[in-house]
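Under our numbering, think of the first position of the sequence shown as 1, with each following residue one higher.
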Amino acid sequence: MKAAVYERYGGPEVVRLAEIDRPAPAPGEVLVRVRATSVTTADWRMRAAAYPGILWLPGRLMTGLTRPKNPVLGLEFAGEVAGLGEGAQAPAPGTRVFGFSGKGAHAEYLVMPATGPVVETPAGLSDEEAAALPFGALSALVFLRDFAKVRPGQSVAVVGASGGVGIYAVQIARALGATVTGIASGTNRDLVLELGAEHFVDYRAEDFTDSLARYDLVFDAVGAVDFARARRVLTPGGLFLPLNFGFREMMQALWAKIAGGPRLKIATSGDSAADLEVLKAMVAEGKLRPVIERTYPLERIAEAHAHVEARHRKGAVILTVP
Ligand SMILES: NC(=O)c1ccc[n+]([C@@H]2O[C@H](COP(=O)([O-])OP(=O)(O)OC[C@H]3O[C@@H](n4cnc5c(N)ncnc54)[C@H](OP(=O)(O)O)[C@@H]3O)[C@@H](O)[C@H]2O)c1
1 MKAAVYERYG GPEVVRLAEI DRPAPAPGEV LVRVRATSVT TADWRMRAAA YPGILWLPGR
61 LMTGLTRPKN PVLGLEFAGE VAGLGEGAQA PAPGTRVFGF SGKGAHAEYL VMPATGPVVE
121 TPAGLSDEEA AALPFGALSA LVFLRDFAKV RPGQSVAVVG ASGGVGIYAV QIARALGATV
181 TGIASGTNRD LVLELGAEHF VDYRAEDFTD SLARYDLVFD AVGAVDFARA RRVLTPGGLF
241 LPLNFGFREM MQALWAKIAG GPRLKIATSG DSAADLEVLK AMVAEGKLRP VIERTYPLER
301 IAEAHAHVEA RHRKGAVILT VP
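Quick look at the structure:
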């Protein structure tokens with residue numbers, strides 16, 4: 001089968017199309033014929049071995065100390081079930097599915113546990129749209145609903161509101177009943193407001209941490225704000241929730257707990273079939289929609305990597321796998 005592989009860490013050019021063996025589903029696994037996938041921030045970070053702060057060491061240990069252990073990247077996908085390993089019950093072969101495999105999706109076929117985050121694709125979503133959801137929307141859902149416990153009436157600032165996670169964070173914070181302020185550059189104002197933000201700040205024109213506004217939550221989906229700046233606009237019991245963190249944030253989270261006042265929480269997102277069903281329900285209710293900026297065929301994956309690494313994407317960057 002065709003797959004995009006990388007055998008050393010480096011720039012987008014280290015990813016190339018190759019012919020490799022098709023994986024076979026082990027007991028309990030599902031084999032998926034991938035039709036659409038995406039390049040996410042996690043993909044370029046793993047390809048470049050570019051992990052923020054002290055995450056460099058655990059990152060390298062996870063992906064391979066000197067060279068990549070797993071040559072096929074790709075976290076999220078949509079396609080159809082092509083086979084089942086022994087004992088795997090569902091979804092039945094032929095069913096359109098989408099999900100979060102965590103690896104291996106930049107290929108014609110992938111395998112993953114059938115009980116993992118893989119669910120039936122609703123009729124109203126194309127494969128490209130379904131593949132645009134898992135990474136960004138699951139992260140936004142888990143961080144906002146579970147870690148921040150956003151409640152109706154709260155005021156939420158989303159930094160990086162037009163990016164891979166931010167674009168869903170705006171919609172999900174709004175769906176949870178919050179009043180949302182989106183922070184991105186001015187060209188994305190209309191998009192962010194249309195997705196449900198009530199206010200918008202162009203970070204190139206003003207610093208939202210200098211304003212008189214106060215937020216119950218500052219959700220930094222891009223790594224542009226630190227705790228000292230976030231505190232200036234947080235309510236006394238408010239929370240700073242950065243997606244990117246290092247040793248400094250770990251210490252600050254501890255200290256904030258002891259000292260009182262605005263809090264800082266660090267966490268990593270989980271991915272479950274149950275939460276994919278939550279996203280499907282939100283899509284069906286019109287509370288959430290996939291946002292796709294660009295679509296490339298799999299063979300142009302290096303261009304997709306370069307675009308996502310530039311950190312100015314507007315939602316998902318999709319790869320089609322014909
Ligand atoms: N902890 C976890 O479990 C977890 C889970 C998921 C992701 N992450 C991490 O979270 C990060 C988010 O990834 P992502 O894919 O959403 O990022 P992304 O798509 O690269 O973010 C790009 C967005 O950030 C905006 N932006 C750039 N500089 C900004 C600034 N100074 N102020 C405000 N907005 C700015 C850009 O807006 P303009 O184009 O308008 O400039 C663009 O909309 C990644 O680093 C990822 O590794 C962590």
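Every residue, glycine too, gets a C-beta built ideally from N, C-alpha and C.
It should be emphasised that the depicted structure is a prediction, and the values quoted were computed from it without experimental measurement.
- Query: Cβ of A148 within 6 Å of any heavy atom in ligand 1?
  - Reply: In this structure, A148 has its CB at a distance of at least 6 Å from all heavy atoms of ligand 1.
- Take R263 as the anchor and find which of R204, D275, V278, V218 has the nearest alpha-carbon. The residue with the shortest Cα to Cα distance from R263 is V218.
- Message: Can you give me the C-alpha to C-alpha distance between F135 and E76, rounded to a whole angstrom?
- Response: Answer to the nearest angstrom: the Cα atoms are 6 Å apart.
- Using a threshold of 6 Å, is the CB atom of R313 nearer than that to any non-hydrogen atom of ligand 1? Correct: R313 has its Cβ closer than 6 Å to ligand 1.
- H106, DSSP secondary structure in three states: Collapsing the DSSP output to three states places H106 in coil.
- Message: Taking the alpha-carbon of A267 as reference, which of A256, M251, N244 has the nearest alpha-carbon?
- Response: When C-alpha distances from A267 are compared across A256, M251, N244, the shortest belongs to N244.
- Does at least one heavy atom of ligand 1 sit under 6 Å from the Cβ of Y51? No, the Cβ of Y51 stays beyond 6 Å of every heavy atom of ligand 1.
- Item | R35 classed as buried or exposed, judged by whether at least 16 other C-beta atoms fall within 10 angstroms | Here R35 is buried. Its C-beta has 16 or more other C-beta atoms within 10 Å.
- A302 and V15 look like a contact to me (Cβ under 8 Å); what is the Cβ gap, rounded to whole Å? Going by Cβ atoms, the distance from A302 to V15 rounds to 5 Å, so yes, they are a contact pair.
- Pairwise C-alpha distance: A78 and R60: Approximately 28 Å between the Cα atoms of the pair.
- Item | C-beta atoms of S38 and V317 nearer than 7 Å | For S38 and V317, yes; Cβs fall inside 7 Å.
- Between R229 and T209, is the Cβ-Cβ spacing less than 7 Å? Yes. Within cutoff.
- Whole angstroms is fine: what's the gap from R294's alpha carbon to L191's? Cα to Cα, the separation comes out at about 15 Å.
- Message: Please determine whether the Cβ atom of A221 lies at a distance below 6 Å from any heavy atom of ligand 1.
- Response: Yes, the Cβ of A221 comes within 6 Å of a heavy atom of ligand 1.
- Item | Cβ-based neighbour list, G82, same chain, cut-off 7 Å, excluding 5 preceding and 5 following | In the sequence on display, residue 82 carries Ala and not Gly. If the five residues before and after A82 are omitted, its C-beta is found closer than 7 Å to the C-beta atoms of L31, V32, R33, P93, Y109, all from its own chain and listed in chain order.
- Query: Are the stretch 195 to 215 and the stretch 175 to 187 touching by the rule of at least three beta carbon pairs closer than 8 Å?
  - Reply: The stretch 195 to 215 vs the stretch 175 to 187: in contact.
- Apply the 10 Å Cβ neighbour rule to Q171 and answer buried if 16 or more other Cβ atoms are within range, or exposed otherwise. By the neighbour-count rule (16 or more Cβ atoms within 10 Å), Q171 is buried.
- Does ligand 1 have even one heavy atom less than 6 Å from the beta-carbon of V158? The answer is no for V158.
- Starting from T187, follow the alpha helix (DSSP H) in both directions and report where the run begins and ends. Per DSSP, T187 is not a residue of any alpha helix (DSSP H), being assigned neither H nor E.
- Message: According to DSSP, is F245 part of a helix, a strand, or is it coil?
- Response: In the three-state DSSP reduction, F245 falls in the coil class, being neither helix nor strand.
- In the structure shown, what three-state DSSP assignment does A36 receive? A36: strand per DSSP, three-state reduction.
- Under three-state DSSP, which class holds A114? The DSSP-derived three-state label of A114 is coil.
- Using the Cα positions of T115 and A306, report the straight-line distance between them to the nearest angstrom. Taking the straight line from one Cα to the other gives about 33 Å.
- Residue range of the unbroken beta strand (DSSP E) whose run includes K2: Residues 2 to 5.
- Message: Using a Cβ-Cβ cutoff of less than 6 Å, which residues in the same chain neighbour E299 once the five nearest sequence positions on both sides are dropped?
- Response: Cβ neighbours of E299 beyond the five flanking positions: L17.
- Message: What ranges does the beta strand (DSSP E) occupy inside the stretch 152 to 212, keeping only unbroken runs of at least 3 residues that lie completely in it?
- Response: With a minimum length of 3 residues, the continuous beta strand (DSSP E) runs that stay inside the stretch 152 to 212 are 155 to 159, 179 to 184, 199 to 202.
- Beta-bridge partners of E86, as assigned by DSSP: Note: E86 sits in no beta bridge, so no partner.
- Helix, strand or coil: which one does DSSP assign to P91? Reduced to three states, the DSSP call for P91 is coil.
- Query: Within 10 angstroms of its Cβ, does K69 collect 16 or more other Cβ (buried), or is it exposed?
  - Reply: So K69 counts as exposed.
- Mind checking whether P23 and V111 have CB atoms under 7 Å apart? Closer than 7 Å, so yes.
- Query: Going straight from the alpha carbon of K280 to that of R96, what length do you get?
  - Reply: It is roughly 14 Å from the alpha-carbon of K280 to the alpha-carbon of R96.
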